[in-house]
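S.K.:
Residue numbers (the working numbering): 1 to 270.
Structure (structure tokens):
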């Protein structure tokens, strides 16, 4: 890790986020939705490190609780996208050519739409809500994992050890999930880490537009949306949630870039 500073930075930021999200609400306590109309739009102080919002709610407390919500968004959306896209890509690589072309054609059609636009369309059809927003984010992420897994698996189809397994009578499922999946795990892990940053940004964007998490949930995008209404009187209700989103995305992207460099055999040889 000393040879890859991006990996160190990403690991530290993600580790800090995990610790704060896990034990922060337990240590700090309090209700993130509790209103105090006598202390509305208080600037940052020792009592309220990030100030208060237009309803007198402590912004720092809401940011800490929002970490848990962000972790939930990343886990649910990434698990849905990778859990569907990776097996589909593995199957496509070993399927007959006509079926492979059909699956890849559908993936190309999905790539034709910008991800956030497709998510807006899906949420508009399903209705606003956090879970619907996460399903929409997973929907436009599935083709990414499908194409990645398909291309990596397709390159291994004619490897010597795969042909040996076929001669020995190993089943297709055993070859795919026991041997091929193990050999494509590194780049898939990197893509999952990089995709997690996209999930955080997309979920915050949908919540900011009122299509994701709904008030009074302490979602960072929702907090920014509430803060923009009082931006002329106070800047901190928008500033600190925006910084939290930026740090989360930077940490995940640095972690993904660092893993890519650390797991790349060619970079190790150079």
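All residues carry an ideal CB built from backbone N, CA and C; glycine is no exception.
1) Kindly list the residues whose CB is nearer than 7 Å to the CB of residue 233, restricted to its own chain and excluding five residues on each side of it in sequence; keep chain order.
2) Grab me the residues of residue 123's own chain with a C-beta within less than 6 Å of its C-beta, minus the 5 sequence neighbours each way, in chain order.
3) So for residue 47, helix, strand or coil by DSSP?
4) Once you ignore the five residues that flank residue 39 on each side, which residues in its own chain have a CB closer than 6 Å to its CB?
5) Would you mind giving the Cβ-Cβ distance between residue 81 and residue 142, rounded to the nearest angstrom? I have them listed as a contact below 8 Å.
6) Just the C-alpha distance for residue 267 and residue 165, rounded to the nearest angstrom, thanks.
7) According to DSSP, is residue 58 part of a helix, a strand, or is it coil?
8) List the whole-angstrom C-beta distance separating residue 89 from residue 150, where the pair is believed to meet the contact cut-off of C-beta under 8 Å.
9) Which same chain residues, not among the five before or five after residue 255, have their C-beta less than 7 Å away from its C-beta?
10) Starting from residue 108, trace the alpha helix (DSSP H) both ways and give me its first and last residue.
11) So, residue 78 versus residue 249, is the Cβ gap smaller than 8 Å?
12) Would you give the residue range spanned by the alpha helix (DSSP H) that residue 224 belongs to?
M.R.: Taking the coordinates as given:
1) 41
2) 132, 133, 136 and 211
3) coil
4) 52 and 56
5) 5 Å
6) A caution first: residue 267 carries a pLDDT of 48, below 50, which makes its placement in the model too unreliable to give a value.
7) strand
8) Between residue 89 and residue 150 the beta-carbon gap is near 4 Å, inside 8 Å, which marks them as a contact.
9) Taken in chain order, the residues that qualify are 7, 10, 11, 14 and 193.
10) 97-111
11) No, they are not a contact pair.
12) 220-228
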